[in-house]
DNA sequence: GCCAACGTTGGC
DNA sequence: GCCAACGTTGGC
């Protein structure tokens, strides 16, 4: 059974429209161990993803994606010229991973964080918790489906 | 721009 | 191993 996830991106850096244009993208630059462990250990091809715009107006879920390749080493950690370079990463122990995301759908309108917070059906969803900064989060299937329904105006 | 929350680092 | 200091995230 495919799992469900929420992945955050600042649209100024990489937005759902960029993913729609590219088709697929390598999700690089993650430098948080919990997020990495989810990507490395639990994400599998075919998993469903809520694509979330953070630090946006408004912040919220902008569309859907799916995992199109399992975790592989993150080359940006090994590149001294890259913003995400990690001097502790080596070829033998790359430390960080990427997964590949494929665009599935761009919602007609972003489902705002405020809407998620106001929906009783989404009580307990991680992204609406105060102080929840994790950029890769597991999502319960019922919550995932509810967000999709909200995007459809239902 | 502010600030709360959280993760990481490094001295001890 | 503790914990203070610092850096980052991200909503508002």
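Residue numbers (our numbering): 1035 to 1188.
Note that CB positions come from ideal geometry on N, CA and C, so glycine has one too.
Based on the DSSP output, what are the partners of residue i in its beta bridges?
{"i": "residue 1041", "result": "1085, 1170"}
{"i": "residue 1162", "result": "Residue 1162 pairs with nothing; no bridge assigned."}
{"i": "residue 1124", "result": "BP columns for residue 1124 are empty, so no partner."}
{"i": "residue 1099", "result": "1083, 1137"}
Could you round the C-beta distance between residue i and residue j to whole angstroms and report it? I think they count as a contact, below 8 Å.
{"i": "residue 1061", "j": "residue 1168", "result": "Incorrect: roughly 14 Å between the Cβ atoms, too far for contact."}
Cα separation between residue i and residue j?
{"i": "residue 1090", "j": "residue 1044", "result": "7 Å"}
{"i": "residue 1175", "j": "residue 1092", "result": "24 Å"}
{"i": "residue 1182", "j": "residue 1128", "result": "36 Å"}
{"i": "residue 1098", "j": "residue 1115", "result": "32 Å"}
{"i": "residue 1041", "j": "residue 1113", "result": "24 Å"}
{"i": "residue 1077", "j": "residue 1050", "result": "20 Å"}
{"i": "residue 1068", "j": "residue 1056", "result": "27 Å"}
{"i": "residue 1039", "j": "residue 1047", "result": "20 Å"}
{"i": "residue 1155", "j": "residue 1180", "result": "7 Å"}
{"i": "residue 1184", "j": "residue 1103", "result": "28 Å"}
{"i": "residue 1143", "j": "residue 1059", "result": "22 Å"}
{"i": "residue 1074", "j": "residue 1161", "result": "21 Å"}
{"i": "residue 1163", "j": "residue 1153", "result": "13 Å"}
Looking at residue j and residue i, is the spacing between their C-beta atoms short of 8 Å?
{"i": "residue 1118", "j": "residue 1080", "result": "no"}
{"i": "residue 1159", "j": "residue 1137", "result": "no"}
{"i": "residue 1072", "j": "residue 1170", "result": "yes"}
{"i": "residue 1094", "j": "residue 1145", "result": "yes"}
{"i": "residue 1101", "j": "residue 1132", "result": "no"}
{"i": "residue 1149", "j": "residue 1054", "result": "no"}
{"i": "residue 1082", "j": "residue 1157", "result": "no"}
May I ask you to verify whether the segment 1099-1109 touches the segment 1117-1137, counting CB pairs closer than 8 Å and requiring at least 3? A contact exists between the segment 1099-1109 and the segment 1117-1137.
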